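Working notes, structure below.
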Amino acid sequence: SREDHLQFLKLKPQLFIADSYSPSKKIEGDLRVTFKRLFKVKPMIQLMMKWIITFCAVFLSSSLGHNEPEWWKSMSLYQIYPRSFKDSNGDGVGDLAGITSKLEHFTDINVDAFWLSPIYPSPMVDFGYDISDFINIDPIFGTMEDFEKLTKAAHDASIKVIMDFVPNHSSDKHEWFQKSLQSIEPYTDYYVWHKGKVLPNGTATVPNNWVSVFGGPAWTWREERQAYYFHQFAPEQPDLNYENEKVVKATQDVLRFWLNKGVDGFRIDAVPHLCEDSKFLDEPLTGNPNPNDYGYTHKIYTKDQPHTYKIVKGWREVLNEYSNRVMMIEAYTSMSMTMKYYVYGAHFPFNFGLITDTDKNSKANDFKRTIDKWMLNMPLLDGTANWVVGNHDKSRLVTRYGEYRAQAVTMMALLLPGVGVTYNGEEIGMEDTWISWEDTRDPQGCNAGREGFEKASRDPARTPFQWDNTTSAGFSTNPKTWLPVNKNYVTLNLAAQKEQSKSYYALYKAVSALRKWPAIKQGTLVTRLLGDNVFVFARTTSGERSVYVVVNFVDKEETIDLSTLVHANRLNVYYATTNAHHLIGNIIEDITTLKIPASAAQRVILLGLLLTAAPTLGDILNRGWWNHTIFYQIYPRSFMDTDNDGVGDLEGVTSKLEHFVDSGIGAIWLSPINRSPMVDFGYDISDFKDIDKIFGTLEDFNNLVKRAKELGLKVILDLVPNHTSDEHYWFQESIKRGSKYEDYYIWANGRENNAQPPNNWRSVFSGSAWTFNEVRNQWYFHQFHERQPDLNYSNPNVQEEMKEIIEFWLRKGVDGFRVDAVPHLYEINYTRDELRSGKPGAERDDYDYLRHTFSKDIPETYELVQSWRKILDDYAHQYNTSEKVMMTEAYTSLENTIKYYNYGSHIPFNFNFIMDVDKDSNATAFKKIIDEWINAMPADGVANWVMGNHDRNRTASRFEGRADQMTMLAMILPGVAVTYYGEEIGMVNKMDISWEDTQDPQACNAGEEKYKSRSRDPVRTPFQWNNNINAGFSNATKLWLPVHENYRSLNLLLQKSNNDTHYHVYRTLTMLRNTSEALKFGSLSTEVINDTVLCVLRKTKREAVTLLINFSDKDKKQVDLTKSLAEFENGVVGTASVGSGIKQQHPVELKNITLPANASICSVGNIEYSNTNTKFISTSRKQIDNSLHGWHNWRTNFRI
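Just so we're aligned, residue 1 is where the sequence shown starts under UniProt numbering, counting upward by one.
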């Protein structure tokens, strides 16, 4: 209960660890397998106090070999604060020789690398973070020779050495600043200087309202220079100017100096603060009334600037000059900004989630959310996770969490994937030390004043390491240390804990030993909540011992089912603390009846020995959910605008999700929302793993998915794998050559000494498909716009990148992908010309001018699609999710399209109703294309019917006066129906968009004379919600495309209030589709009656649905259905086309059905069986509505 959680400070959890033996069963790494073994964790009461239970399980399996990853990917990293680690010379300050003397400690606790907080020469205003010489050692720590000895000794002990690099600023005593102060070149602009604002009285004041992190103005005046200098931190720490390339080079040379000394990498300090906006504008206010508080302004000009990432990228390039070095980034910033550092070269940015997002009051779901948030946002292929639970800037772990919960957090940090980061002293559970005002040294504390220093000071977390119970805790022979030792050192020290079998140190050492296991070094991670109070995660790898951690956060008995993670018959206790310690080594014979005794139930880790070679994959759930679903294509720019910038956004989509539920739609498909320069409005992607800011953020997308799932809606994303934007990082690197990205795109030398393209291939958007790049001195290929370079799928690395992208969005919760422009994925014979097509009217620059024998429908394309299907299936298997669906867009021949069924596409889009018929086509033509698809499709294939999309004229414009008949066909025919936004209300093309307002690159490329015939803008105008301003789409004064002028008479709100409307027809059909047995399972037959009437019949033994379409524009037709429906008597009208005059529920006489000209009618009937007779039962609108209501409630309430 909430009351129990509020008493957490009074609660003391215990832990125990065990392993299991299972001779034949496989490990299950998936979280969703049903299994009925129950574990009970009982509460313990001692001295009338409540006890929190923390239960952690780790299971073992048999051993197979693995390739060793880069050393840093699974390292145990230990932060040393040198002033406080070990003092070797008795001056009360730690030093390098002291660290060297304690290297054995790191070996004992399985540390792979240590990171040294700054040891450079410094006036020590900020205790080493104000550096006066970047390439030397401060005498207080020793000499360069001491550093070299430490590095050699560490390497001899197989321990890596990481340096703190502090590039944001220097000390004001640094030579660079002193010379900059005097305007001595080249140092004049090494720092950020500004003359300030001139007041009316002629005096200068600070340039703007920027505030220092340490409080007060971020500007300090210097008379010598007659200018202000900028400092993000203390005035003695002037910021370097990274707009100056000489500064950039100088910092790169600093890195090289230390790399040449043998260091193995760097932790880079305060990176988000590196760059500032050069306009020096005031930052917007937050509402904080104190102008000297860092929270006074929103940091839009002094933090997270784009140039920062380019600087980081340059540093990574320096590290790449050396073998296997690592770069870590400290960035207290948003998740999206933090993740960008992966892209720009950081091996990993520090993850502070277990510091900033959880505390002693956090619940199980808080920890799961924090862990999942990092894992889901991190790049899948190249990302390395890390878990920081303490450092020199935050209160110590035990102080933040309490001792017993801190132990659980320590274990989680050590057993989660990637890098575990330990701050010195945490391995023995050191606590914050109270420091008086007089003893306070931290400038952040001092700046806060006597009243505020305790809250602001970082000194309490920086006190000396407690080695033993001798003078100054064994840290120094000097009783006076730079900061006082915590008084608890007499009982809380390393030497004492080494002698205690139940100590924090004993737990840390035992658990850290597990980091050598393959499951921890390389295994997958699955997280799960068991109920409200128990958090579980699993670490598994094929054929290796597996680790399962279970943490119970409440002080009451919890019955849990661990079978969703592991199948094991026997458990052996591996480690235990407190009163459960006596269980170490015990064999638990039957985990189905395992009960942890009250005296031993506080904290448990179980290790299970499994003798199987690989985990058992789970089942794909809800197979075929898609095969009778209505998919609704959303063109996000035009759907709903919530921020009034004239462009639709994700929040707008989320706000309208109920529209889909009301309309009977099962899945929404979003056209591209990835980051893009918008040359082709999202189909030119510059970052596949981010959301373009015009649509919102990843958080907005997460909210959309969450709400959609609450409503029972599936979410499909557009995947655009054929090409990227020319602004994509891959392409920019490919231009330069020399990196792994060199062959990510299709490059070729041209003809005539490179003066002409390699061949005559045409772009889909017209003109040559080749563009010359001056930097690379080669031509690159682009099937579409010249700013959409084609990816080279002959390169396995490109295939792996796309796999990672697919898995990234699957982890975000998407239910599948519509894959764009699939026939164009592969090309062959780059040096050969393609032959002319001979198509009438095709001009030389037109795509149709050539036969695309080398650049379309290449056999390898199908194999690539098949590999993507495997990714979807494997993911659904592994995580026991509903089946993930793949739809492929392929404008190609019927034969080539149908082949995609055989290579993994669930739904190869059927464009026959778009490409092969029009308003002049007759009933026979429609029957032909229906039958062709059905007959060509494999026996196990599911049909689909696409009536419109963002690339083709709207259905109501192509089939003027027949929009309803197209909707009826899509809904009555078997399989998947695809609706393009606006079709449910019969929106039409806006054909009067001017040349000036035209946005579509295909039209722009065609020029002012031909743009109207090529433009796709008319089908992309904003959705018409109501008759308010801009059709209710937006309150902006200027929209990205103008709204159709008919919106006052054609809008959703108006159609909802009138029965004789397109929306009424649409909704009636979707209700019928979602409830009708005949439409779900019935047979299909098509027939042309009286030359002009198309009859589509869906029938089971119990129900029949008939669609009749009169293709005559002038004559009404009489139809006799008695032969087709011999077992039925009469029927009833389910729905009819707008304007037909036919009323719903109107009786239908099967022998004599009258169809007015242009009319379409859908009739519905059931057969009710009795002992004596069979009769036709009409299905009324009320019955359909009631059925839909029940169906909708099932969708929204029946969720696992």
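Note that CB positions come from ideal geometry on N, CA and C, so glycine has one too. Since we're looking at a predicted model, the values are computed, not measured.
Next on the checklist: Quick check: the segment 759–777 against the segment 830–850, are at least 3 beta-carbon pairs closer than 8 Å?
Outcome noted: Pairwise C-beta distances place the segment 830–850 in contact with the segment 759–777, as three or more of them are shorter than 8 Å.
Item to check | Minimum C-alpha distance to P272 - residue among I140, Q252, K340 and L285 | outcome: As a first step, residue 272 must be located in the sequence shown, where it is residue number 272. For P272, the nearest C-alpha among the options comes from K340.
Next on the checklist: Pairs of beta-carbons, one from the segment 703–716 and one from the segment 362–375, closer than 8 Å: are there three or more?
Outcome noted: Output reads no: the segment 362–375 does not touch the segment 703–716.
Item to check | alpha helix (DSSP H) runs wholly inside the segment 893–977, at least 4 long, in chain order | outcome: Runs of the alpha helix (DSSP H) inside the segment 893–977: 894–902, 912–915, 923–936, 955–958 and 963–972.
Checklist entry - Expressed to the nearest angstrom, what Euclidean distance is found between the alpha-carbon atoms of L872 and A1078? => result Position 872 of the sequence shown holds residue 872. Position 1078 of the sequence shown holds residue 1078. Approximately 31 Å, taken between the alpha carbons.
Item to check | N-terminal and C-terminal residue of the alpha helix (DSSP H) that A1031 is part of | outcome: The sequence position of residue 1031 within the sequence shown is 1031, counting from 1. Run containing A1031: none; DSSP gives neither H nor E here.
Checklist entry - How would you call W995, buried or exposed, if buried means at least 16 neighbouring beta carbons within 10 angstroms? => result Start at 1 with the first residue of the sequence shown, and residue 995 comes out as number 995. It is exposed - the Cβ of W995 has fewer than 16 other Cβ atoms within 10 Å.
Checklist entry - Under 9 Å between the Cβ atoms of A461 and R396? => result The count along the sequence shown starts at 1 and reaches residue 461 at position 461. The count along the sequence shown starts at 1 and reaches residue 396 at position 396. Result yes, Cβ atoms of A461 and R396 sit closer than 9 Å.
Item to check | Straight-line Cα distance separating M328 from W626 | outcome: Sequence index remark: in the sequence shown, residue 626 carries index 626 (1-based). Sequence index remark: in the sequence shown, residue 328 carries index 328 (1-based). Roughly 44 Å separates the two Cα atoms.
Item to check | Unbroken beta strand (DSSP E) run spanning E317, endpoints | outcome: Position 317 of the sequence shown, counted from the first residue, corresponds to residue 317. Not the beta strand (DSSP E): E317 falls in the alpha helix (DSSP H), residues P306 to L319.
Next on the checklist: Contact between the segment 414–421 and the segment 449–458 is defined here as three or more beta-carbon pairs at a separation below 8 Å; is this criterion met?
Outcome noted: No, the segment 414–421 does not touch the segment 449–458.
Next on the checklist: Measuring straight from C-alpha to C-alpha, what distance separates G383 and A346?
Outcome noted: For the purposes of this step, residue 383 is identified with residue 383 of the sequence shown, where counting begins at 1. For the purposes of this step, residue 346 is identified with residue 346 of the sequence shown, where counting begins at 1. Rounded to whole angstroms, the gap between the alpha carbons of G383 and A346 is 9 Å.
Next on the checklist: What residue range does the beta strand (DSSP E) around T540 cover?
Outcome noted: Walking along the sequence shown from the start, residue 540 turns up at place 540. Note, T540: beta strand (DSSP E), V534 to T540.
Next on the checklist: With three or more beta-carbon pairs closer than 8 Å as the criterion, would you say the segment 785–804 touches the segment 716–735?
Outcome noted: In short, these stretches touch, since the Cβ pair count reaches three.
Next on the checklist: Only counting the same chain, and skipping five residues up and downstream in sequence, which positions put a Cβ closer than 8 Å to that of S436?
Outcome noted: On the sequence shown, position 436 is the one that residue 436 refers to. Here S436 has no same chain residue with a Cβ atom under 8 Å from its own Cβ, once five neighbours each way along the sequence are excluded.
Item to check | Selected residue, minimal CA-CA separation from R675, among T697, F660 and S663 | outcome: Taking the sequence shown and counting its residues from 1, one reaches residue 675 at position 675. Nearest of T697, F660 and S663 to R675, Cα basis: T697.
Checklist entry - How many whole angstroms separate the CB atoms of N351 and M430, which I take to be in contact at a CB cut-off of 8 Å? => result The residue you call residue 351 lines up with position 351 of the sequence shown. The residue you call residue 430 lines up with position 430 of the sequence shown. Rounded, the Cβ-Cβ distance is 22 Å, inconsistent with contact.
Item to check | Inter-residue spacing [alpha-carbon to alpha-carbon] between N391 and E699 | outcome: Position 391 of the sequence shown holds residue 391. Position 699 of the sequence shown holds residue 699. Cα to Cα, N391 sits roughly 28 Å from E699.
Checklist entry - Does DSSP classify N294 as helix, strand or coil? => result Against the sequence shown, residue 294 aligns to sequence position 294. What sits at residue 294 in the sequence shown is Tyr, not Asn. In this structure, Y294 counts as helix in the three-state DSSP scheme.
Item to check | Cross-strand partners of K160 (DSSP beta bridge) | outcome: As a working note, residue 160 is residue 160 in the sequence shown. Partner(s): A113.
Item to check | Identity of the residues DSSP links to D382 by a beta bridge | outcome: The residue you call residue 382 lines up with position 382 of the sequence shown. According to DSSP, D382 bridges with nothing at all.
Checklist entry - Run through DSSP, which three-state label would D873 get? => result Locating residue 873 in the sequence shown gives position 873, where the first residue counts as 1. Helix.
Checklist entry - The alpha helix (DSSP H) spanning R450 covers which residue range? => result Locating residue 450 in the sequence shown gives position 450, counting from the first residue. P443 to A456 is the extent of the alpha helix (DSSP H) around R450.
Next on the checklist: Could you check whether the segment 188–204 touches the segment 291–304, counting it as contact only if at least three pairs of C-beta atoms, one from each stretch, sit closer than 8 Å?
Outcome noted: Result no; under three Cβ-Cβ pairs closer than 8 Å.
Next on the checklist: Can you tell me whether F1176 is helix, strand or coil according to DSSP?
Outcome noted: Residue mapping note: residue 1176 aligns to position 1176 of the sequence shown, counting from 1. With a pLDDT of 28 at F1176, under the threshold of 50, the modelled position of this residue cannot be trusted, and the question is left open.
Checklist entry - Whose C-beta lies closer than 8 Å to the C-beta of D133 among residues of the same chain, with five residues either side of it excluded? => result The residue you call residue 133 lines up with position 133 of the sequence shown. Only residues of its own chain outside the window of five on either side were considered, and among them Y120, P121, H174 and E175 have a CB closer than 8 Å to the CB of D133, listed in chain order.
Next on the checklist: I need the straight-line Cα distance from A1104 to L525, nearest angstrom please.
Outcome noted: Numbered from its first residue, the sequence shown carries residue 1104 at position 1104. Numbered from its first residue, the sequence shown carries residue 525 at position 525. The C-alpha of A1104 lies about 50 Å from the C-alpha of L525.
Next on the checklist: At the level of alpha carbons, what is the spacing between L657 and S893?
Outcome noted: Position 657 of the sequence shown, counted from the first residue, corresponds to residue 657. Position 893 of the sequence shown, counted from the first residue, corresponds to residue 893. Taking the straight line joining both Cα atoms gives about 36 Å.
Item to check | Cα-Cα separation, Y981 to D442 | outcome: Numbered from its first residue, the sequence shown carries residue 981 at position 981. Numbered from its first residue, the sequence shown carries residue 442 at position 442. Whole-angstrom Cα-Cα distance: 60 Å.
Item to check | Reduced DSSP secondary structure (H/G/I, E/B, other) of Q1145 | outcome: Here residue 1145 refers to the residue found at position 1145 of the sequence shown. Note: Q1145 maps to coil in three-state DSSP.
Checklist entry - Is I898 closer than 9 Å to N912 when the C-beta atoms are compared? => result In the sequence shown, counting from the first residue as 1, residue 912 sits at position 912. In the sequence shown, counting from the first residue as 1, residue 898 sits at position 898. With contacts defined as CB atoms closer than 9 Å, N912 and I898 fail to qualify as a contacting pair.
Checklist entry - If you run the structure through DSSP and keep just helix, strand and coil, what is L711? => result On the sequence shown, position 711 is the one that residue 711 refers to. Residue state, collapsed to three classes: coil.
Checklist entry - Given P796, which residues of its chain have a CB within under 7 Å of its CB, disregarding the five upstream and five downstream residues? => result Position 796 of the sequence shown, counted from the start, is the residue given in the question as residue 796. Excluding the 5 residues flanking it on each side, P796 has no same chain C-beta neighbour closer than 7 Å.
Checklist entry - Using the rule of at least 16 other Cβ atoms within 10 Å of the residue's Cβ for burial, across every protein chain shown, is L285 buried or exposed? => result One-based indexing of the sequence shown puts residue 285 at position 285. Looking at its Cβ environment, which holds fewer than 16 other Cβ atoms inside 10 Å, L285 is exposed.
Checklist entry - Counting along the chain, where does the alpha helix (DSSP H) carrying I806 start and finish? => result Taking the sequence shown and counting its residues from 1, one reaches residue 806 at position 806. Counted as a single uninterrupted DSSP element, the alpha helix (DSSP H) harbouring I806 occupies residues P796 to R811.
Next on the checklist: Helix, strand or coil for D662? Go by DSSP, reduced to three states.
Outcome noted: Locating residue 662 in the sequence shown gives position 662, where the first residue counts as 1. Helix.
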